[in-house]
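Novice: Provided herewith is a single structure, encoded as structure tokens, for subsequent inquiry.
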Amino acid sequence: MSSLHLAAAIDHPGVYEAAPYAELALLAEGGALDFVTLGDSFARPGLDALAVAARLAPGTGRIGLVPTVTTTHTEPFHVQAAVATLDWVSHGRAGWVVEVSETEAQARLFGRRRAEAPEQLWQEAGEFADVAARLWDSWEDDAEIRDVPTGRFIDRDKLHYVDFEGRAFSVRGPSIVPRPPQGHPVTVVDATDPWAREAAARHADVALVRSPSLTRADAARAELRGLATRFGRDPDTLRVFASLVVDLGGGEYAAEPGHGGGPLPTAEGPAYRGGPVDLAELIADWHRAGAVDGFHLTPVEPRRDLERLVNGTVALLQHRGLFRTFYPGSTLREHLGLARPANRYAALAGEPS
């Protein structure tokens, strides 16, 4: 059985200061969770998730920091540089949740084009993720010389044009930021939407699925792994997490009647309402069955539910030997058991002509 992975959302709607986010990130880090996510969209007011994650980086030491980035109406060159910068300031703990903007109202914020169909938006998001990875590879790992006597900072032979031509944009490169510590920061895609599944199977390191039952989660994981194989990927390089909204306000009581120890469909996605012990049982059962590689949990009340999750559910899983008690590595890729990607351009440069 593969290792169990756990992540949590630390969204704080209406909060415009760093301290509450930092408190939640440190609480999650105390439970050795793989990463925390910060939501963002053009549809709601609030702080920029990438900026908040950068603020959290110096105050945390191990946990992954994964803000949401909307690819629609934004430029891949600037976004990839910002995510790479987050990876540098966090010493290899960065990721990003790829999101799209679907409404005409959000399109009017930018005024450059009309809203498109989800199929087209996710095709563009896939191209966006592709060009971001290429730009992260546009600097070889040893491109920086920093030779003071000769005044040479960069070996220009180790910088590469990406020359990307897509449906929505073209990018020449190279990046303005050296290759990130992880090679590629971790890419996360919510693959619940049918149009998002291809982008997830092609480009994601972690795919999130909102499935209200073990059977449906298992089917979603099998579909994503099958698609990844079809696209030429090793399916074992893709982690599939079940996304659950969790309300642990019931303390140690059993799951609310009707939940049957498991989640029920809601407008926000599958929701679990009950106690930390029953949630630990659900997590253990789904993972033991091989239906998912991990869970992404969104607390209904951020401080209360995350504290009960870490001190109750996670502690019980750790006591049973089902979840780690410490971080064996320092980067988010190491937490997830994912290798650091080879640089595609360095590999090509090393091939015989």
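Following UniProt numbering, the numbering of the sequence shown begins with 1 at its first residue and continues without gaps.
Each residue gets a CB set at the ideal place from its N, CA and C atoms; glycine is no exception.
1) Comparing alpha-carbon positions, which option in T103, F169, D190 and A280 lies nearest V308?
2) Using the Cα positions of V245 and A168, report the straight-line distance between them to the nearest angstrom.
3) For P265, which residues from the same chain have a beta carbon less than 6 angstroms from its beta carbon, with the 5 sequence-adjacent residues on both sides left out?
4) Kindly indicate which three-state DSSP category I145 falls into: helix, strand or coil?
5) Buried or exposed: which applies to V97, given that a residue is buried once 16 or more other Cβ atoms fall within 10 Å of its Cβ?
6) Measuring CA to CA, which of R210, G294 and R303 is closest to A267?
7) Our contact map puts A7 next to F42 with C-beta atoms below 8 angstroms; I'd like the distance itself, whole angstroms only.
8) Tell me whether the beta-carbon of V66 lies closer than 7 angstroms to the beta-carbon of V188.
9) Measure the Cβ-Cβ separation of P299 and H12 and say whether it is below 7 angstroms.
10) Roughly how many whole angstroms lie between the Cα atoms of R112 and V79?
11) Round the Cβ separation of H287 and F241 to the nearest angstrom and send it over; I've been treating them as touching at under 8 angstroms.
12) Cβ atoms of R340 and G183: under 7 angstroms apart, would you say?
13) Can you pull the DSSP bridge partners for D190?
14) Y161 lies in the alpha helix (DSSP H); which residues open and close that run?
15) Using 7 angstroms as the threshold, is the C-beta distance between L317 and P276 below it?
Specialist: Once the coordinates are examined:
1) Taking the first residue of the sequence shown as position 1, residue 308 is located at position 308. The question names Val, but residue 308 in the sequence shown is Arg. When only C-alpha atoms are compared, the closest one is A280.
2) Residue numbering aside, residue 245 sits at position 245 when the sequence shown is read from its first letter. Residue numbering aside, residue 168 sits at position 168 when the sequence shown is read from its first letter. A direct Cα-Cα distance of roughly 34 angstroms separates V245 from A168.
3) Position 265 of the sequence shown, counting from 1, holds the residue named residue 265. Counting only residues of its own chain and dropping the five nearest sequence neighbours on each side, P265 has a CB closer than 6 angstroms to the CB of P212.
4) Numbered from its first residue, the sequence shown carries residue 145 at position 145. Of the three classes helix, strand and coil, the one that applies to I145 here is strand, per DSSP.
5) Within the sequence shown, the letter at position 97 stands for residue 97. Buried.
6) Reading the sequence shown from its first residue, position 267 is the one you call residue 267. The shortest Cα separation from A267 among R210, G294 and R303 belongs to R210.
7) Translated into the one-based positions of the sequence shown, residue 7 becomes position 7. Translated into the one-based positions of the sequence shown, residue 42 becomes position 42. Their Cβ separation, rounded to whole angstroms, is 24 angstroms, which puts A7 and F42 out of contact at 8 angstroms.
8) What you label residue 66 is simply residue 66 of the sequence shown in a count that begins at 1. What you label residue 188 is simply residue 188 of the sequence shown in a count that begins at 1. Result yes, Cβ atoms of V66 and V188 sit closer than 7 angstroms.
9) Reading the sequence shown from its first residue, position 299 is the one you call residue 299. Reading the sequence shown from its first residue, position 12 is the one you call residue 12. Result no, Cβ atoms of P299 and H12 do not sit closer than 7 angstroms.
10) In the sequence shown, residue 112 corresponds to position 112, counting from 1. In the sequence shown, residue 79 corresponds to position 79, counting from 1. If you take the alpha carbons of R112 and V79, they lie about 18 angstroms apart.
11) Residue mapping note: residue 287 aligns to position 287 of the sequence shown, counting from 1. Residue mapping note: residue 241 aligns to position 241 of the sequence shown, counting from 1. Wrong, their Cβ atoms sit about 10 angstroms apart, outside the cutoff.
12) The sequence position of residue 183 within the sequence shown is 183, counting from 1. The sequence position of residue 340 within the sequence shown is 340, counting from 1. The answer is yes: Cβ separation under 7 angstroms.
13) Sequence index remark: in the sequence shown, residue 190 carries index 190 (1-based). Answer is L208, bridged to D190.
14) On the sequence shown, position 161 is the one that residue 161 refers to. For Y161, no alpha helix (DSSP H) run applies, since DSSP gives it neither H nor E.
15) To locate residue 317, count along the sequence shown from 1; it is residue 317. To locate residue 276, count along the sequence shown from 1; it is residue 276. For L317 and P276, no; Cβs fall outside 7 angstroms.
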